[in-house]
Structure formats: C-alpha cells, structure tokens
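Q:
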Ligand SMILES: [Zn+2]
Ligand SMILES: [Zn+2]
C-alpha cells in the first residue's frame with residue numbers, strides 16, 4: 108500500500124509499505140478516506156517539531172471505513188465509517204490511572220512518535236476507533252481530531268452554558284474551540300490580526316470578533332461583559348506575550364487555558380495569579396473526546412464542512428504543503444483524500 112513518509116526534514120515521499128494485518132484480537136484495520144493536515148505535520152516536514160523522530164509516516168488526523176476486525180472486536184464492524192484517535196497511552200501510570208491518558212508519562216501520538224494515518228490502510232486498537240452512526244461525507248471523517256482539541260479545551264476550561272469566553276487566535280484550533288463553546292451554550296469573542304479569519308469566525312458562529320491590530324481589546328471586553336472583565340480565556344496564539352496578556356485580561360476568579368508547546372518563558376508574577384485567584388490550565392491533545400465530536404457533527408452543532416478550505420489527493424501532498432506554506436492565512440484545514 109501507499110503511505111506518506113517524511114524521510115527527513117523537507118524530504119517527503121509517497122512510499123510503498125506493507126499493508127497492515129490483524130495480529131491482536133482487538134486490532135481494527137481501517138481503509139483511510141480522509142486526512143487533515145495540521146500545523147504539527149508542517150512542523151515535522153520543516154524540522155521544527157521537537158517531538159518528532161524520522162523517518163516517519165505522518166498524519167494524526169484521519170478516518171475512513173473499517174476493512175477488517177480482530178476476533179474480540181465488538182464495537183465496530185467492516186463497513187462502518189470511523190475516525191481514529193491517535194493518542195496511545197500505557198494504561199498504568201499516574202495520569203492514566205486517574206483518567207488523564209492524554210498526558211500519559213509514555214504518551215505516543217500516531218503520526219508523531221509512531222507511524223500515523225496518511226496511508227491507504229491503518230491498524231489501531233478497538234479503543235481508538237470511534238464510529239459514525241449516520242452516513243457521513245467520507246472526506247470529513249479525517250477532521251474529527253481537530254475538533255477533539257476544541258472539546259478538550261472546553262473541558263479543561265470548564266466552559267459551560269452562559270460563560271463568556273475570549274478565544275485569542277482565529278486559526279483552526281480557535282475555530283474548533285469556539286464551535287464547541289457555542290455548542291456548550293457559551294458566548295464567544297475571538298481575536299486575530301487577519302480580518303478575513305475573523306469574518307470566517309463570525310460566519311461560523313462567533314458572537315463578536317476583534318481585529319486587535321486596529322481595535323482596543325480591553326474596551327471591547329468591557330462592553331462584551333458589562334465591565335465585569337472576561338472570566339474565561341483560551342490562548343491559541345501561544346506566544347509569551349499572549350500568555351501574559353491572558354493573565355492581565357482575566358477577571359478575578361477567571362480561568363485561562365493554554366495549549367502552547369513553546370519553551371520560551373513568559374513574565375508572569377505569582378501575585379498576578381494569586382491576587383485574582385486565577386485558574387491556569389494546560390490542554391493537550393484530547394482525552395476521549397471523539398464521541399462528543401461525532402455527536403456534534405451528526406446533530407449539526409459542529410460544522411466540519413466550513414473548516415475544510417480545500418481537498419487534495421494524497422499523492423499531491425507537496426502541493427498541499429506548499430499551499431499551506433505560501434498562504435498560511437488563507438488556510439483553515441486542508442484535507443487529503445485517499446483515493447486513486
Ligand atoms: Zn492536529
Ligand atoms: Zn500512562
């Protein structure tokens with residue numbers, strides 16, 4: 108079968124690799140129909156993803172149709188449309204034992220630490236396979252995963268009905284987090300430096316948007332919250348200054364969700380956190396969020412169609428990567444289709 112392999116930074120090839128076979132009783136083999144390209148795939152391609160090792164079959168956003176299942180598999184059957192959770196954990200470390208397997212001490216992500224889903228067929232454990240109950244567009248099966256990042260952010264930020272939320276950054280993760288927050292009954296203000304992204308965010312459900320290069324964010328927040336200040340902030344910009352700004356903008360007893368993986372320090376004092384008794388939480392990958400996203404796709408409260416900027420055949424991976432590199436502001440999600 109064919110798969111997309113990053114041999115070393117900047118060297119991508121369509122390679123022939125053996126088709127996976129059922130070995131364990133809970134193995135499931137999926138014929139991949141759709142894969143989403145993520146910022147971290149770009150990082151593996153251009154050598155800036157510090158977590159990746161080479162060579163690597165990339166892709167952690169992928170889904171398709173079940174081809175075959177092991178003898179003990181009961182939750183899926185051949186022909187089912189599914190999305191695959193790329194998070195692989197040990198099951199017995201502290202984090203796993205308390206139900207936080209997405210930060211397992213020996214965490215592996217398919218497509219990053221081990222081979223991933225940009226291939227014609229993929230094998231995964233039954234526990235990682237999540238079924239669609241309706242007949243869903245095959246090209247969208249691969250973009251459940253980015254919305255699971257949005258669900259995890261909402262769970263970590265305890266975003267509920269009636270919450271007022273500021274999401275900094277209207278890229279794909281910001282948009283996914285916004286749609287999940289709306290689904291949870293919150294009202295959402297989003298910021299960005301690019302007007303087109305904010306227009307898109309508005310069309311996808313954001314209540315208010317702020318072009319921070321031209322408008323005063325604090326004034327807009329004051330209006331949005333009747334002078335209370337903002338109780339929940341999600342920072343998808345992920346630079347030291349955006350983290351500092353979140354701590355400054357949050358109202359007393361506020362909650363801040365950070366998702367950045369950069370190692371640059373921010374200047375935040377203990378007093379900044381203590382005085383307002385802020386809750387600052389990290390959110391990484393997803394902790395069993397796939398079924399919630401599939402439910403949202405099927406009931407229409409989450410809209411993957413609008414996230415998808417363009418589709419490419421997987422063999423044109425270089426064109427897709429070049430599109431993202433040259434027009435980053437125009438792209439929310441590029442989807443690869445796995446067909447001849
Ligand atoms: Zn991703
Ligand atoms: Zn573990």
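Numbering (the numbering used here), first residue to last: 108 to 447.
Every residue, glycine too, gets a C-beta built ideally from N, C-alpha and C.
Taking the C-alpha atoms as reference points, what is the distance between residue 62 and residue 339?
A: Shown here, the chain extends from 108 to 447; a query on residue 62 therefore has no answer.
Q: Using a Cβ-based criterion (distance less than 6 Å to any ligand heavy atom), does residue 283 qualify as near ligand 2?
A: No, the Cβ of residue 283 stays beyond 6 Å of every heavy atom of ligand 2.
Q: Count the other C-beta atoms from every protein chain shown that fall within 10 angstroms of the C-beta of residue 79, then say buried if there are 16 or more, exposed otherwise.
A: Any question about residue 79 goes unanswered here, given that the chain covers just 108 to 447.
Q: Hey, how far is the Cα of residue 110 from the Cα of residue 204?
A: 35 Å
Q: Given this structure, state the Cα-to-Cα distance separating residue 283 from residue 253, to the nearest angstrom.
A: Cα to Cα, residue 283 sits roughly 7 Å from residue 253.
Q: Only counting the same chain, and skipping five residues up and downstream in sequence, which positions put a Cβ closer than 6 Å to that of residue 287?
A: 257, 258, 261
Q: Hey, residue 132 and residue 177 are a contact pair by Cβ (cut 8 Å); roughly how many whole angstroms apart?
A: In this structure, residue 132 and residue 177 form a Cβ contact; the two beta carbons are roughly 4 Å apart against a cut-off of 8 Å.
Q: Report all residues from its chain with a CB closer than 7 Å to the CB of residue 441; omit the five preceding and five following residues, and keep chain order.
A: 144, 416, 417, 419, 427, 430, 431
Q: Taking 8 Å as the cut-off, does the segment 219-237 touch the segment 264-280 (at least 3 CB pairs, one atom from each stretch)?
A: Put simply, the segment 264-280 does not touch the segment 219-237. Fewer than three CB pairs are less than 8 Å apart.
Q: If you draw a straight line from the alpha carbon of residue 189 to that of residue 182, how long is it in whole angstroms?
A: Taking the Cα positions, residue 189 is about 11 Å away from residue 182.
Q: Jot down the residue ranges of each uninterrupted beta strand (DSSP E) in the segment 264-340, minimum 3 residues, whole runs only, in chain order.
A: 271-275, 294-299, 315-318
Q: Could you check if residue 249 is buried or exposed, using at least 16 other CB atoms within 10 Å of its CB as the buried criterion?
A: buried
Q: How would you label residue 304, buried or exposed, when you count the other beta carbons within 10 angstroms and need 16 or more for buried?
A: buried
Q: Ignoring anything shorter than 3 residues or poking outside the segment 366-395, list the beta strand (DSSP E) runs there in chain order.
A: 386-389
Q: Please check the pair residue 229 and residue 162, which I expect to be a contact at CB under 8 Å, by giving their CB distance rounded to whole angstroms.
A: Going by Cβ atoms, the distance from residue 229 to residue 162 rounds to 17 Å, so no, they are not a contact pair.
Q: Thinking residue 392 and residue 137 are a contact (beta carbons under 8 Å), I'd like their distance in whole angstroms, please.
A: In fact, because the Cβ distance is near 19 Å, the residues do not count as touching under 8 Å.
Q: Let's see if you can read the secondary structure: which residues bound the alpha helix (DSSP H) around residue 202?
A: 201-204
Q: Give the residues whose C-beta lies closer than 5 Å to at least one heavy atom of ligand 2, in chain order.
A: 196, 197, 200, 203, 211
Q: Just to check, is the beta-carbon of residue 145 closer than 6 Å to a non-hydrogen atom of ligand 1?
A: Yes, Cβ of residue 145 sits closer than 6 Å to a heavy atom of ligand 1.
Q: How many angstroms separate the CA atom of residue 322 from the CA atom of residue 356?
A: For residue 322 and residue 356, the distance between alpha carbons rounds to 15 Å.
Q: Rounded to a whole number of angstroms, what is the C-alpha to C-alpha distance between residue 439 and residue 120?
A: Going from the Cα of residue 439 to the Cα of residue 120 covers about 24 Å.
Q: Below 7 Å between beta carbons: does that hold for residue 165 and residue 113?
A: yes
Q: Would you kindly work out how many angstroms separate the C-alpha atoms of residue 308 and residue 170, rounded to a whole number?
A: 25 Å
Q: Per DSSP, what kind of secondary structure is residue 154 in: helix, strand or coil?
A: coil
Q: Let me check you understand the geometry: is the CB of residue 215 closer than 6 Å to at least one non-hydrogen atom of ligand 1?
A: No, the beta carbon of residue 215 sits no closer than 6 Å to any heavy atom of ligand 1.
Q: Does the count of Cβ pairs from the segment 365-381 and the segment 404-414 closer than 8 Å reach three?
A: no
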